[in-house]
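Those sequence lines, one after another, are chains A, B, C, D, E and F.
The numbering of the first sequence is the numbering used here, which starts it at 14 and goes up by one.
The numbering of the second sequence is the numbering used here, which starts it at 14 and goes up by one.
The numbering of the third sequence is the numbering used here, which starts it at 14 and goes up by one.
The numbering of the fourth sequence is the numbering used here, which starts it at 14 and goes up by one.
The numbering of the fifth sequence is the numbering used here, which starts it at 14 and goes up by one.
The numbering of the sixth sequence is the numbering used here, which starts it at 14 and goes up by one.
Just so it is clear, CB atoms sit at the ideal spot from N, CA and C, and this is done for glycine as well.
Protein chains: 6
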Amino acid sequence: MLNMQTDAFLACETPYDQAAAVLFSAPFDGTTSFRPGTRFAGGAIRRDSDGLETFSPYQNADLADCRVFDSGELDLPIGDVKGALAAIARRTKTILDDGKLPFMIGGEHLVTLGAFQTVYSAYPDVNIIHFDAHADLRDDYLGVKLSHACVLRRCHELTGDGRIFQFGIRSGDRSEFSWGAGRVSTRLFDFEGLEQTVQSLAGKPVYFTLDLDVLDPSVFPGTGTPEPGGVSFDALRRAATYVCRHARVVGCDVNELSPPYDQSGISVAAACKIIREMLIALENKEV
Amino acid sequence: MLNMQTDAFLACETPYDQAAAVLFSAPFDGTTSFRPGTRFAGGAIRRDSDGLETFSPYQNADLADCRVFDSGELDLPIGDVKGALAAIARRTKTILDDGKLPFMIGGEHLVTLGAFQTVYSAYPDVNIIHFDAHADLRDDYLGVKLSHACVLRRCHELTGDGRIFQFGIRSGDRSEFSWGAGRVSTRLFDFEGLEQTVQSLAGKPVYFTLDLDVLDPSVFPGTGTPEPGGVSFDALRRAATYVCRHARVVGCDVNELSPPYDQSGISVAAACKIIREMLIALENKEV
Amino acid sequence: MLNMQTDAFLACETPYDQAAAVLFSAPFDGTTSFRPGTRFAGGAIRRDSDGLETFSPYQNADLADCRVFDSGELDLPIGDVKGALAAIARRTKTILDDGKLPFMIGGEHLVTLGAFQTVYSAYPDVNIIHFDAHADLRDDYLGVKLSHACVLRRCHELTGDGRIFQFGIRSGDRSEFSWGAGRVSTRLFDFEGLEQTVQSLAGKPVYFTLDLDVLDPSVFPGTGTPEPGGVSFDALRRAATYVCRHARVVGCDVNELSPPYDQSGISVAAACKIIREMLIALENKEV
Amino acid sequence: MLNMQTDAFLACETPYDQAAAVLFSAPFDGTTSFRPGTRFAGGAIRRDSDGLETFSPYQNADLADCRVFDSGELDLPIGDVKGALAAIARRTKTILDDGKLPFMIGGEHLVTLGAFQTVYSAYPDVNIIHFDAHADLRDDYLGVKLSHACVLRRCHELTGDGRIFQFGIRSGDRSEFSWGAGRVSTRLFDFEGLEQTVQSLAGKPVYFTLDLDVLDPSVFPGTGTPEPGGVSFDALRRAATYVCRHARVVGCDVNELSPPYDQSGISVAAACKIIREMLIALENKEV
Amino acid sequence: MLNMQTDAFLACETPYDQAAAVLFSAPFDGTTSFRPGTRFAGGAIRRDSDGLETFSPYQNADLADCRVFDSGELDLPIGDVKGALAAIARRTKTILDDGKLPFMIGGEHLVTLGAFQTVYSAYPDVNIIHFDAHADLRDDYLGVKLSHACVLRRCHELTGDGRIFQFGIRSGDRSEFSWGAGRVSTRLFDFEGLEQTVQSLAGKPVYFTLDLDVLDPSVFPGTGTPEPGGVSFDALRRAATYVCRHARVVGCDVNELSPPYDQSGISVAAACKIIREMLIALENKEV
Amino acid sequence: MLNMQTDAFLACETPYDQAAAVLFSAPFDGTTSFRPGTRFAGGAIRRDSDGLETFSPYQNADLADCRVFDSGELDLPIGDVKGALAAIARRTKTILDDGKLPFMIGGEHLVTLGAFQTVYSAYPDVNIIHFDAHADLRDDYLGVKLSHACVLRRCHELTGDGRIFQFGIRSGDRSEFSWGAGRVSTRLFDFEGLEQTVQSLAGKPVYFTLDLDVLDPSVFPGTGTPEPGGVSFDALRRAATYVCRHARVVGCDVNELSPPYDQSGISVAAACKIIREMLIALENKEV
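Written out as structure tokens, the structure is:
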């Protein structure tokens with residue numbers, strides 16, 4: 014008797030009911046402003062995770078020892094933005110209701126809204142730590158409110174002022190920065206101040222959203238809107254690990270990998286390794 | 014005094030008020046089911062049209078002698094399907110109101126709906142000649158009605174039975190073919206019967222929608238859903254020329270070129286040459 | 014409770030015990046003489062099968078109605094040719110022992126040897142129908158006997174003369190052709206005589222091995238050794254369908270797709286569609 | 014004692030003084046109007062010729078039995094068009110003076126002028142058989158006379174009327190065709206009439222220049238100006254073989270392969286195979 | 014009444030007569046020694062500038078507030094090096110005569126000579142600040158004097174000793190460095206000493222020529238001759254901004270982007286962002 | 014009389030009997046675990062070395078002054094791992110027997126075993142300095158002992174404890190690190206301690222094996238298993254130069270470049286430049 018092949022990220026095969034964290038991917042790129050293709054991120058990450066070890070010499074720990082289940086790729090209605098966000102919200106709610114941590118792989122950054130709305134319902138005092146090249150604080154983009162360029166603005170409509178903490182931002186229009194001043198904490202270019210932020214949020218629930226284009230395009234060319242001048246892989250690895258080990262993360266996502274724009278595969282490899290490090294750090298929290 | 018550079022398709026620089034046909038492009042791929050990227054077709058076609066001669070040895074005529082104006086690329090609201098279709102409809106209406114022929118470059122196939130609705134308002138007895146690999150007759154795709162996989166079904170809601178004529182179809186689910194039987198004329202695989210169809214429509218207005226994936230993927234790899242077993246370039250060239258010379262075309266479009274999936278550029282070259290031949294044929298009608 | 018994602022080819026999810034045919038893939042390219050990469054074929058075919066319909070307008074039948082189970086990808090020992098062939102043989106034996114048809118997706122062409130040895134044990138009177146650009150009749154390649162360039166020669170050591178029927182061959186060294194004369198039936202360049210061959214084998218067991226590089230490189234660029242001047246997609250589709258509908262096929266394989274050498278994806282699409290047509294034909298035999 | 018590696022096309026290692034034909038490559042693309050890169054053709058052809066057999070099942074003959082020497086790649090002064098043509102002329106003259114046939118691999122089509130001038134000096138009654146997608150009969154291109162778009166016009170200045178025979182032409186501006194009428198024999202689109210042309214030239218010296226873009230871009234995407242609607246590989250193979258077997262060829266070239274525009278390598282493979290067939294045909298003349 | 018589409022870099026649509034700086038591009042790669050393709054830089058930069066914001070968080074200023082007009086792409090005679098340089102010189106002269114700053118986008122580095130000759134006529138005391146991986150000080154390259162490998166040597170023939178200041182150089186032959194010693198100021202590998210150089214030139218006219226291959230190939234793979242070991246994006250951004258804000262720049266260029274060699278688009282993105290920063294800095298001078 | 018073209022790396026044309034170092038390449042990738050293609054490294058390195066200067070501004074010395082002979086590419090039996098290693102060993106022995114330094118260009122990392130076995134026979138007290146992203150200390154990989162993932166483990170079977178010094182390691186499974194502790198010196202992530210290691214080995218023979226994937230994938234995407242977080246080009250250049258100038262290197266190799274996975278060519282450029290610097294440093298030893 015032969016079995017059908019399953020297709021999980023790396024070693025993430027802990028049975029669902031014993032899992033502490035649950036992966037899923039959201040193949041959505043319906044509002045991507047420049048180059049679409051992030052819908053293919055989940056598949057590429059699962060496939061190329063074969064090339065990565067489960068052991069982390071950075072954390073001296075092994076993903077094989079972590080309690081993670083990969084629940085696979087959502088079937089999203091293409092061309093229906095609200096329907097896609099609703100499906101993301103439903104999956105997030107199932108995972109939260111079962112007492113587990115939702116870990117979403119995008120898709121474009123708008124997918125964060127679907128997950129965050131659900132997390133916000135469960136944790137109304139939740140804060141957001143946001144790594145990105147782009148501020149994503151526009152009120153609308155060409156008249157569209159549900160756009161990946163507006164996603165943090167939509168989140169702010171839920172959280173109100175003082176609860177969104179951005180790092181690594183190096184692009185935005187002038188109005189985003191002026192609107193954000195006083196409402197959102199925006200660290201330009203790098204991760205300075207991250208440790209203090211995490212410490213100031215001690216005990217409070219945190220949603221961590223990581224737009225991988227915070228990386229320099231040399232490290233991560235496969236993305237919709239490459240923005241030169243980003244952080245190094247090691248800077249991001251350290252910062253993401255810090256958040257996952259020291260903050261009270263109640264939900265997270267990694268987004269904006271667009272595999273068709275990087276035929277070398279190094280962007281997928283970077284995404285895989287960041288996800289491995291985050292999952293290991295979440296399992297080995299020091300809170 | 015220096016001028017700003019303009020960027021028209023090939024020789025399409027007849028002043029607007031003297032033009033008989035008006036090009037525009039609709040950079041929309043928001044419902045693409047597999048591989049997005051058709052939003053880049055208009056730009057690529059204009060740019061690579063530099064590599065093509067204006068003269069056609071097939072028709073012994075020159076595009077430079079045709080009265081065509083290129084009105085450029087629409088600014089479409091990304092993530093807003095209805096808004097995008099409305100913008101397409103407005104541009105189509107402007108052109109029709111000015112007594113000119115609208116010639117749209119997609120974008121994915123759903124853009125046809127925006128243009129056709131307007132053409133239908135002006136010509137309620139309009140028929141559709143449709144070249145495609147895919148039947149596009151689904152009622153919905155994953156629950157979405159405004160999808161490129163449903164576009165001819167949506168058009169049929171306007172025209173009713175007996176006014177859609179498909180050629181080259183080689184893909185669809187069973188329900189599309191069974192639904193279509195008796196409602197839509199579907200010629201599988203090739204263009205047999207095209208001349209009779211065109212003659213049977215003599216004097217009647219025709220909207221001509223050409224999904225370039227009717228071509229074999231060897232000739233046209235740069236498309237969202239390549240479907241092996243298609244027609245040759247010369248077969249398409251002859252068929253498209255025939256329609257444009259002999260039918261009473263009141264509107265047309267060419268769609269589904271996705272440049273990122275063909276780095277050799279041959280798909281863009283095929284699109285450019287088909288458009289050139291169509292424009293020359295429209296100018297040199299034998300109706 | 015969420016399920017782990019499975020990853021089958023198209024609609025091939027009939028439960029194993031009800032299946033008549035069983036797919037598996039053999040990610041092996043260890044003897045590829047020019048450009049390696051066929052190890053990635055199985056993954057690419059499963060993934061991109063999403064872009065293909067289950068219904069065939071050619072055969073007016075639906076893969077969803079066929080009894081096929083996809084048992085996934087073998088784990089092969091990289092660098093150990095004999096070990097890889099043994100693992101292929103074991104999987105083939107399991108399927109045959111369970112009374113089902115083994116349908117293997119390569120890998121390079123040497124994988125055929127692992128499957129054929131097992132089929133030969135079960136059916137000592139088995140014949141081989143072989144579509145290929147290359148004769149693959151060398152006795153050794155740079156001193157190596159277990160090479161994809163020698164695979165039909167190795168098969169001949171089992172069958173003896175008169176039981177191998179090649180079609181579409183357009184490449185080989187002189188010694189292959191002179192050795193083959195009288196031992197192997199070799200039709201150069203196309204499929205002429207295929208119907209007669211199939212009819213002459215009526216009732217006898219047939220192993221069908223299809224090297225996709227029999228296709229013209231324009232249709233199928235993604236292969237290790239592209240050989241210009243091949244057959245069209247429709248010629249192959251018709252020929253492969255004919256074999257699967259009319260011969261008594263007891264085992265088969267499709268091989269030599271190398272996805273990294275075709276970034277447009279049209280080669281993967283061609284492989285997917287040929288496999289769909291073969292599976293439908295095998296289910297709807299007219300023997 | 015180890016030897017330095019040599020790098021010849023396929024089996025072309027007959028000692029120079031015993032060779033009947035001598036290959037060389039001219040890495041020049043200095044007047045390419047659209048996409049440069051043909052300078053890399055010679056290197057790519059030599060490298061990928063490893064993937065091709067020396068034996069031709071079409072002609073039942075083996076390149077290893079042909080008397081061909083590959084004299085390698087010329088060192089051309091980049092940016093100096095006249096200097097490059099002079100270097101090509103010198104190499105051609107050396108080969109002609111030694112009583113051998115010069116066989117040049119371009120480079121863009123202008124390289125033909127350098128070789129042809131020399132051949133013309135040796136054979137003032139020489140005729141030209143020209144396969145191409147483009148007429149190349151412009152008097153100048155953007156004011157430049159030494160351009161690949163003008164190369165046959167420059168050759169005509171030597172030969173005068175009635176001695177240039179074009180086949181497969183499907184692109185040109187109107188003035189080229191009108192100028193050519195009566196001066197040059199131009200067969201549009203295919204090779205019809207080739208046999209008669211060759212027979213009419215019986216005994217007369219012929220220079221054969223083959224622009225590979227006469228092939229359809231599906232077969233040969235790697236070229237500077239892909240022109241849809243070309244001939245198939247087999248049509249070209251037959252036509253080129255016919256010329257080389259039956260005409261009195263005193264010099265020839267194969268040009269316009271631009272490897273960077275075809276990452277699948279099928280264009281290089283097509284060039285290699287055409288060159289093999291031509292060399293075998295030249296050795297096995299039936300004049 | 015519809016307008017023809019214009020195609021300017023980012024927000025550079027200030028009317029010509031109100032502009033302080035004028036962009037143009039020079040699509041020339043006729044002397045490129047290794048991999049051609051820089052002719053496509055201007056088009057790619059204009060097209061992909063859509064993906065970039067006009068606002069700079071580095072300078073807290075907006076390109077939309079700068080007085081820049083984009084006069085588009087020159088039509089250059091392909092294959093005629095002197096003719097191309099003359100056309101560049103004419104455009105430069107028009108802009109200078111109108112009292113505006115010429116800002117050229119190459120093309121290969123030889124284009125600098127055309128612009129610099131004109132600037133030198135207007136400002137005989139002009140100095141050159143030169144960022145590059147390559148010294149470009151050869152007297153000739155394979156006998157050719159008008160080569161991109163010789164461009165600073167040609168400029169030196171105008172300026173004489175002591176007026177050329179190179180930074181970031183990491184490649185050259187021994188003779189270039191020995192010839193340059195005492196004639197040209199060459200800072201190897203980085204930008205150390207740039208501020209002092211700019212200050213020492215206070216009040217003097219400066220031509221600033223930026224060969225983008227000074228960047229590390231990881232950041233900027235799309236160039237003709239990638240030279241490992243270059244500077245980071247931020248190092249270049251700071252250095253180029255410093256020159257444009259603090260030196261009396263009377264002309265400048267950015268060159269050697271070759272888009273075909275970078276399918277990820279990150280090289281084009283880097284070029285766009287550097288140009289944006291330079292234009293903003295030139296508008297906000299602190300001299 | 015024309016000569017056949019030779020094809021050596023850069024300036025490595027010192028006659029064999031006067032050479033101090035001898036290059037050869039080993040086109041082997043038969044045990045590559047993820048993405049094959051390193052067999053093409055030697056050809057790509059020789060070809061693209063044309064784009065590199067022979068002079069090093071880092072060492073102020075010229076490769077043209079070094080006594081290096083390039084003996085070309087081995088012909089290896091594809092599919093026969095032991096046969097390939099034997100051929101490598103034979104070439105290494107010839108070079109060593111002639112009193113010269115063997116410098117091998119891989120291929121995958123297993124090629125090191127063939128060369129090292131021979132070096133070990135000649136120098137039983139030889140030590141290994143190993144730069145790599147991966148520890149390569151597995152006892153077997155999927156049951157295979159002769160695997161590129163096990164190559165240093167196989168070397169350790171010859172040297173025993175205390176004679177292997179690894180730098181830059183950032184990937185391995187837990188068992189590799191625990192097995193290695195006390196047996197192998199492993200510096201994680203960077204080159205700290207390299208100078209002390211070299212000094213501690215003063216006078217002792219050293220085999221230097223450099224897996225280029227120690228570089229960050231941004232610098233070196235063209236490799237089989239890209240591992241994010243690697244060293245910069247300059248860090249590697251300095252470290253490799255230090256080893257070659259200051260250690261008593263009796264054999265060395267550079268491996269794991271896989272050109273098909275980097276179409277920009279920057280990985281090949283990095284390999285070429287590292288090899289140039291190593292060859293210059295070996296000639297200019299300071300021991």
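Residue contact with chain C for Ile-293 (chain D): absent (no Cβ-Cβ distance below 7 Å to any residue of chain C). Nearest Cα to Cys-163 (chain F) within the set F:Ala-100, F:Tyr-255, F:Leu-214 and F:Thr-44: F:Thr-44. Among the residues of the segment 263 to 277 of chain C, those with a Cβ less than 7 Å away from any Cβ of chain B are Gln-276 and Ser-277, in the order of the chain. The closest CA to that of Ala-77 (chain A), considering only A:Ala-32, A:Phe-47 and A:Gly-216, is found on A:Ala-32.
Looking at the backbone, the Cα of Gly-173 (chain D) and that of Arg-196 (chain D) are separated by about 8 Å. Within the same chain, Cβ atoms closer than 6 Å to the Cβ of Thr-236 (chain B) are found at Asp-226, Glu-269 and Ser-271, the five residues on either side in sequence being excluded. Shown here for Val-124 (chain D): same chain residues with a beta carbon closer than 7 Å to its own, the five before and five after excluded, namely Ala-39, Phe-41, Ile-101, Met-117, Asp-266 and Asn-268 in chain order. Contact annotation: the segment 121 to 139 of chain C touches the segment 207 to 218 of chain C, with at least three C-beta pairs closer than 8 Å. Judged by their CB atoms, Gly-64 (chain B) and Glu-86 (chain B) are not nearer to each other than the 7 Å cut-off. Glu-296 (chain B): not part of any beta strand (DSSP E); member of the alpha helix (DSSP H) spanning 279 to 296, first to last residue.
In terms of beta-carbon proximity, Phe-246 (chain B) lines the interface with chain D, with at least one pair separated by less than 7 Å.
In this structure, DSSP gives Gly-96 (chain C) a helical state, which the three-state scheme calls helix. Nearest to His-147 (chain B) by alpha-carbon distance, out of B:Gln-130, B:Leu-15, B:Asp-224 and B:Tyr-274, is B:Asp-224. Where Phe-22 (chain D) is concerned, there is no enclosing beta strand (DSSP E), because DSSP gives it neither an H nor an E.
Our two residues, Ile-279 (chain C) and Glu-240 (chain B), have alpha carbons roughly 8 Å apart in a direct line.
Less than 7 Å divides the Cβ of Phe-202 (chain D) from the Cβ of Arg-183 (chain D). Closer than 7 Å to the CB of Lys-286 (chain F) there is at least one CB belonging to chain E.
Put simply, the backbone Cα of Arg-289 (chain C) is about 7 Å away from that of Thr-67 (chain C). Contacts with chain E (Cβ-Cβ distance below 7 Å) from the segment 156 to 189 of chain A involve Arg-183, Ser-184, Gly-185, Asp-186 and Arg-187, listed in chain order. Within the same chain, Arg-183, Phe-202 and Asp-229 come within 8 Å of Gly-242 (chain E) by CB-CB distance, once the 5 residues on both sides are set aside. DSSP, reduced to helix, strand and coil, places Gln-276 (chain C) outside both helices and strands of the structure shown, so it counts as coil. By the 16-neighbour rule on beta-carbons within 10 angstroms, Gly-181 (chain D) is buried. Beta-bridge partners assigned by DSSP to Ile-182 (chain C): C:Leu-201. The residues Ala-102, in chain order, have a CB closer than 6 Å to that of Gln-130 (chain E) in the same chain once the five nearest residues on each side in sequence are set aside. Runs of the alpha helix (DSSP H) spanning 4 or more residues and lying entirely within the segment 82 to 168 of chain A occur at 94 to 110 and 124 to 135, in chain order.
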